[in-house]
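First up is the structure itself, then whatever we jot down about it.
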Amino acid sequence: MSATARKTAPNAQDIRAQKGGVPLVSLTAYTTPMARLMDGHCDFVLVGDSVGMVLHGLSSTLGVTMEMMILHGQAVARGLDRAMLVIDMPFGSYEEDPAQAFRNAARLMAETGAGAVKLEGGVEMAETIRFLVKRGIPVMAHIGLTPQSINTLGGYKVQGRDDQAQAVLADAHAVADAGAFSVVLEKVPATLADRITAEVAIPTIGIGASAGCDGQILVVDDMLGFFTAFKPKFVKRYADLGPLAEAAIAEYAAEVRARSFPAAEHVFGDQAPAKGAKA
Ligand code: KIV
154 MSATARKTAP NAQDIRAQKG GVPLVSLTAY TTPMARLMDG HCDFVLVGDS VGMVLHGLSS
214 TLGVTMEMMI LHGQAVARGL DRAMLVIDMP FGSYEEDPAQ AFRNAARLMA ETGAGAVKLE
274 GGVEMAETIR FLVKRGIPVM AHIGLTPQSI NTLGGYKVQG RDDQAQAVLA DAHAVADAGA
334 FSVVLEKVPA TLADRITAEV AIPTIGIGAS AGCDGQILVV DDMLGFFTAF KPKFVKRYAD
394 LGPLAEAAIA EYAAEVRARS FPAAEHVFGD QAPAKGAKA
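Residue numbers for the sequence shown follow the working numbering, beginning at 154 and rising by one.
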């Protein structure tokens with residue numbers, strides 16, 4: 154069913170069932186008002202650990218904590234009725250062993266109401282994904298460029314070119330076989346993304362991958378032009394709201410300094426207005 158026609162939020166099985174159908178639509182969100190804006194348009198909304206860079210000014214996602222994810226997850230949950238809420242597991246909250254991953258995934262879901270968690274990693278995380286899924290935690294996997302591993306990947310490079318392709322393909326099969334209900338493919342060549350989409354039974358969600366994926370996701374502040382520190386090639390700016398917001402702030406500052414704001418319509422008179430008139 155299309156996101157606009159739906160009355161209630163889909164669950165992990167519904168998302169999985171959309172494999173090969175109408176492309177899944179997703180964005181990240183970190184606040185209630187932004188979640189409200191996208192609720193009627195997205196199949197799922199991700200509280201990404203990109204929140205650290207986008208809203209907290211961190212230089213990578215590595216400093217994001219469970220507490221940050223829970224706070225933003227709760228805010229986003231208040232803005233969603235029709236889209237599924239998925240929440241990222243932050244760096245250091247799941248890699249140690251499956252038991253640590255279960256403890257933190259269960260906490261994220263219990264305290265935010267998210268319907269699933271997302272975690273980064275392929276073959277090396279398959280055992281953890283299997284452990285979580287068997288214990289009632291739907292998992293969205295994330296392979297290709299995994300930003301929590303930038304220190305070992307050597308930066309935000311395209312993953313899976315040339316002789317790396319087999320490794321990314323193996324990651325996709327490993328997470329699908331382990332029971333993930335979908336997999337994010339970040340910054341992989343389009344032909345490889347298409348091959349993975351054709352070979353695995355779960356929906357692929359592209360970000361810097363291919364229009365042939367089963368769905369797409371973007372960081373909302375990137376596509377609206379609020380995050381301007383850098384713009385990856387895979388980002389399309391659907392609006393340029395950052396400069397618009399700055400121009401509005403500059404106009405406000407100028408009016409305050411010129412005493413032209415507040416104007417007569419923004420201040421209150423001495424006497425209470427007559428009944429029914431505006432305060
Ligand atoms: O944290 C995030 O925003 C993400 C998306 C880029 C998929 O993981």
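Ideal Cβ positions, reconstructed from N, Cα and C, are used throughout, including at glycine.
Only residues of its own chain outside the window of five on either side were considered, and among them A165, G268, A269 and F334 have a CB closer than 7 Å to the CB of P291, listed in chain order. Considering only A430, P385 and G378, the residue with the shortest C-alpha distance to G395 is G378.
Nearest to V217 by C-alpha distance, out of D234, I240 and F197, is I240.
Distances taken from the Cβ of E339 to the heavy atoms of the ligand KIV include one shorter than 8 Å. If the five residues before and after L233 are omitted, its C-beta is found closer than 7 Å to the C-beta atoms of A162, A188, D192 and V198, all from its own chain and listed in chain order. Judged by DSSP in its simplified three-state form, L224 adopts helix. V337 is bridged by DSSP to H295 and I358. Boundaries for I290: no beta strand (DSSP E) harbours it, and the DSSP string shows neither H nor E there. For A269, the uninterrupted beta strand (DSSP E) run begins and ends at A269 to E273, by DSSP.
With 16 or more neighbouring CB atoms inside 10 Å of its own CB, L238 falls in the buried class. Secondary-structure assignment with DSSP links F197 through a beta bridge to S179 and M237.
Annotation for I360 indicates a beta carbon within 8 Å of some heavy atom of the ligand KIV.
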